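Asks:
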Amino acid sequence: MTQTTKPTVEEGKLKRFPLIAGAVFVAVAWAVLNIFEHEYLFRVQELSLWLPTKVFFDERMLVPGGLMSYIASFLTQFFYYPMVGSLIFVSLLFVVQLLTLQVFKIPARWGLLTLLPGALILSCAMEAGYWIFQIKTQGYFFSMLIGFLFTLSALRLHQVIKGWGQYLLVVAIAAAGYPLFGFYALLALLAIAVLSAVKAEDRNIGLALLCIAAAAATPILYYSIYSQTRFVRMFTAGMPAFFFEARDLRTWVPYILLYLFPLVIPFIRFDRTPSFAIPKSRFILSQSISAIVIVFIVQFFWFRDPNFRAEIKMNHYMERLEWRKVLDIAKAQEQTPTRLMVLNRNLALLKLGRAGDEMFHYLDGGEPAASPFEIRLMQVGGKMLYYHYARMNFCYRWCLEDAVEYGWKVDYLKYMVKTSIISGEYDLAQKYINTLKKTLFYKKWAKKYEKFVENPSLIAKDREFASILPLYQFEDQLDGDNTLVEIYLLNYFAHTYSDLNTPMFDETALMCALTLKDIQTFWNCFFRYANSHKTDRMPTHYQEAALLYGNLEKTVDISKMPFDKAVKLRFQDFMRFAQKHAVKDVERDPEAKKLFYERYGDTFWYFYFFIRDVKSY
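See below:
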């Protein structure tokens, strides 16, 4: 009887397997970043800043890990071209894999294990979501990558250097590595301690004890030097500035796993003999499971909220004054939008002159930001809204305050340039222009706006400024908004009266009155709009509101108003339908509410009765 032998895979024949797996991983990561996160990557670099100045460098070096954040900020700016920035990022992930393979001598048959640090680093970068607006870690996207590369490089040097040189290396990592790379130098010391204690062939308990002592003492010794860092942060300098609370634990998971990797792997005993063989079926199964685990880790931590992506894309197109594309994003939305999305959409409709006929043709509501941290609309999109609604002092004020709180960013500087130009503060605008001219990719942008400083007569002729100036009609007082952007804008426009002929201002006021659902405010704004817009036809939604309010409260005689026949007939149909399905009961009956949406979801009437308790943070 013939005995069959199961096919096997020998270690020696898998030499190139880890490199092939790494190449596939970084290629897929690069493709996914560019296909799905193009606008997000661009936004990341807008919310960062790098300047080739001594002052900027010195500021980074005021805290432990300063060089790491300096390099990370430098690399982040390449996301100005997302394909280039992401290529740099994934290339460094490949370097991480190569160093992991060399340092821990992981057998080729376990090649996918070498991808785990890169997958965790990618997860750390992509899990931030809304936190990119608040995080105080400079160069956040690249910081953990640069830091972990330092840790791996230090471990590799430890393996290359022999004898007393290893002790000198430990001193160098503690004395010089900590000021430059912060926590990641301490991680390197702990990893060297583990390697020195675990590996039987070159065990050195004395070196391990020195590493542990250095890791514990270095932050304490440097505390007197770094006066701007709290004592507890001396041990975590360079780590992300997340909160240490139970609800935020999920945010820390990929970091914790990344930090544990170099401390745990040395304990695993691998058989590294080239002749070692395992059944082919077992090899395929193990690699498949490993690949699934890596993909699961990345996709689990990757922030993929549709509303967040929509907000980022809207911001991208609003920067370019591509208002129709903003509406395309709003139209494609399938879930309840955030208030920022609603405000962006209404701004786009106002700019295009379509608000009165289309304002309620989109999903409405106020879905909270999908973030474990408290996110305010001001930080996410308030500056742009204040700018386009000509509240220049508020836009400038929040740029300045957030710069103090979170650090200077390209985004803030751009708005400070534009608000200063519109406000006539040309010397101030030139100061910020000069700063942007020092950046790598915003020289052209700065020169474009410098021409308005040199020749202010061009301001009114510019497409961007010309769309804002009609709203810049009144004293730009810096009164209180309490960071509540939407409610401030609604009340400002709806309750600011002027006898000037300001059609765009009056339409903005009427739009705000509709959102406020205050009948008397509506009528005040309605007649202002009618007086400044000498047209034969009132837009549909304004007619709908007038019909509804005229029937709810008889304070205004609407019998002689020239309503469109189609609008009147549809209102009558709505009233009959509302009598059959009592509105007060509909909120408890989702099916009945759905019926109203299917028939009247594109009307002000539906908005008035069913879009309630919306809060803007």
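Counting in the working numbering, the sequence shown runs from 92 upward without gaps.
Cβ atoms here follow ideal geometry from the backbone N, Cα and C, with glycine treated the same way.
This one's a predicted model, so the numbers in the text were calculated from it and none came from an experiment.
Taking only the alpha-carbon atoms, compute the straight-line gap between Ala118 and Ile383 and give it to the nearest angstrom.
Replies: Computed Cα separation, rounded: 17 angstroms.
Asks: Compute the distance between the beta-carbons of Val544 and Gln568, then report whether it is under 8 angstroms.
Replies: Not a contact, by the Cβ cut-off of 8 angstroms.
Asks: Going by other Cβ atoms of all chains shown within 10 Å of its Cβ, with 16 needed for buried, is Phe358 buried or exposed?
Replies: Phe358 is exposed by the Cβ-count criterion.
Asks: Would you call the CB atoms of Gly540 and Lys509 closer than 8 angstroms?
Replies: Gly is not the amino acid found at residue 540; the sequence shown has Tyr there. Cβ atoms of Tyr540 and Lys509: closer than 8 angstroms.
Asks: What is the DSSP secondary structure of Gly692, reduced to helix, strand or coil?
Replies: Correct three-state label for Gly692: coil.
Asks: Taking the C-alpha atoms as reference points, what is the distance between Cys215 and Ser234?
Replies: Roughly 10 angstroms separates the two Cα atoms.
Asks: For the stretch 443 to 461 against the stretch 631 to 639, do three or more pairs of beta-carbon atoms, one drawn from each stretch, fall closer than 8 angstroms, so that the two count as touching?
Replies: A contact exists between the stretch 443 to 461 and the stretch 631 to 639.
Asks: So, is Gln663 buried or exposed, given that buried needs 16 or more other C-beta atoms within 10 angstroms?
Replies: Its Cβ having fewer than 16 others within 10 Å, Gln663 is exposed.
Asks: What number of angstroms, rounded off, separates the C-alpha of Phe695 from the C-alpha of Val658?
Replies: Phe695 and Val658: Cα-Cα distance of roughly 11 angstroms.
Asks: Does the stretch 190 to 202 come within contact of the stretch 301 to 315, defined as at least 3 CB pairs closer than 8 angstroms?
Replies: No: fewer than three Cβ pairs fall under 8 angstroms.
Asks: Pull the bridge partners of Pro370 from the DSSP assignment, please.
Replies: Pro370 is bridged to Thr99.
Asks: Could you tell me the boundaries of the alpha helix (DSSP H) in which Gln188 lies?
Replies: Per DSSP, Gln188 belongs to the alpha helix (DSSP H) from 173 to 195.
Asks: Work out the CA separation of Ile524 and Pro397 for me, nearest whole Å.
Replies: Using only the alpha carbons, I get a separation of about 35 angstroms.
Asks: Nearest CA to the CA of Tyr506: which residue from Leu531, Lys685, Tyr497, His479?
Replies: Closest by alpha carbon: His479.
Asks: Please report how far the alpha carbon of Ser462 lies from the alpha carbon of Tyr221, in whole angstroms.
Replies: Going by the C-alpha atoms only, they are around 6 angstroms apart.
Asks: Report, in whole angstroms, the separation of the C-beta atoms of Met330 and Phe274, which I expect to be a contact under 8 angstroms.
Replies: Right, their Cβ atoms sit about 5 angstroms apart.
Asks: Can you tell me which of the three DSSP states Thr342 falls into?
Replies: DSSP places Thr342 in helix when its eight states are reduced to three.
Asks: Just tell me which of Leu605, Gly209, Arg488 has its CA closest to the CA of Phe185.
Replies: Residue Gly209 is the option with its Cα nearest to Phe185.
Asks: Would you decide whether Gly472 is buried or exposed? Buried here means 16 or more other CB atoms lie within 10 Å of its CB.
Replies: So Gly472 ends up on the buried side.
Asks: Distance, Cα to Cα, Thr612 vs Tyr640?
Replies: Thr612 and Tyr640: Cα-Cα distance of roughly 11 angstroms.
Asks: Inspect the beta-carbon positions of Ala299 and Ala282 and report whether they are closer than 8 angstroms.
Replies: Taking 8 angstroms as the Cβ cut-off, Ala299 and Ala282 do not qualify as a contacting pair.
Asks: State the Cα-Cα distance for the pair Lys227 and Ile559, rounded to the nearest angstrom.
Replies: When rounded, the distance between both Cα atoms is 32 angstroms.
Asks: Would you identify the three-state DSSP class for Ile649, choosing helix, strand or coil?
Replies: In this structure, Ile649 counts as coil in the three-state DSSP scheme.
Asks: Can you give the beta carbon distance from Ala637 to Ile649, rounded, assuming they're within the 8 angstroms contact cut?
Replies: That belief holds up - the Cβ atoms of Ala637 and Ile649 are roughly 6 angstroms apart, short of 8 angstroms.
Asks: Could you tell me whether the Cβ atoms of Ser182 and Ser164 are closer together than 8 angstroms?
Replies: Going by C-beta atoms, Ser182 is not nearer than 8 angstroms to Ser164.
Asks: What first and last residue would you give for the alpha helix (DSSP H) that runs through Tyr523?
Replies: From DSSP, the alpha helix (DSSP H) with Tyr523 extends over 517 to 527.
Asks: Less than 7 angstroms between C-beta atoms, sequence neighbours within five positions excluded: which residues of the same chain meet that for Val154?
Replies: Within the same chain, Val154 has close Cβ partners Tyr317, Gln319, Thr320, Ala328.
Asks: Report all residues from its chain with a CB closer than 7 angstroms to the CB of Tyr161; omit the five preceding and five following residues, and keep chain order.
Replies: If we look at Tyr161 and ignore the five residues flanking it on each side, its Cβ neighbours are Phe148, Arg151.
Asks: Please name the residue in Ile223, Phe133, Leu348, Leu301 whose C-alpha comes closest to that of Phe239.
Replies: Closest option to Phe239, Cα to Cα, is Leu348.
Asks: Indicate the three-state DSSP secondary structure (helix, strand or coil) for Ala128 in the structure shown.
Replies: The sequence given here places Glu at residue 128; Ala does not occur at that position. Coil at Glu128, not helix or strand.
Asks: Here's the rule I'm using: 16 or more other beta-carbon atoms within 10 Å means buried, otherwise exposed. How should Gln229 be labelled?
Replies: It is buried - the Cβ of Gln229 has at least 16 other Cβ atoms within 10 Å.
Asks: Are Met217 and Phe392 closer than 8 angstroms when you measure CB to CB?
Replies: In contact: Met217 and Phe392 (Cβ atoms closer than 8 angstroms).
Asks: Spatial neighbours of Ala439 within its chain, please: CB distance less than 7 angstroms, with the 5 preceding and 5 following residues excluded, ordered by chain position.
Replies: Once the five neighbours on either side are set aside, the close Cβ partners of Ala439 are Trp414, Val417, Leu418.
Asks: Which residues in the same chain as Val187 place their Cβ atom closer than 8 angstroms to its Cβ, once the five residues preceding and following it in sequence are excluded?
Replies: Contacts found: Pro208, Gly209, Ile212, Leu236, Phe239, Leu240, Leu243.
Asks: For Asp570, report the span of its alpha helix (DSSP H) as first-last.
Replies: Careful: Asp570 lies outside any alpha helix (DSSP H) and carries neither H nor E.
Asks: Just to confirm, is the Cβ distance from Pro98 to Lys371 under 8 angstroms?
Replies: Going by C-beta atoms, Pro98 is nearer than 8 angstroms to Lys371.
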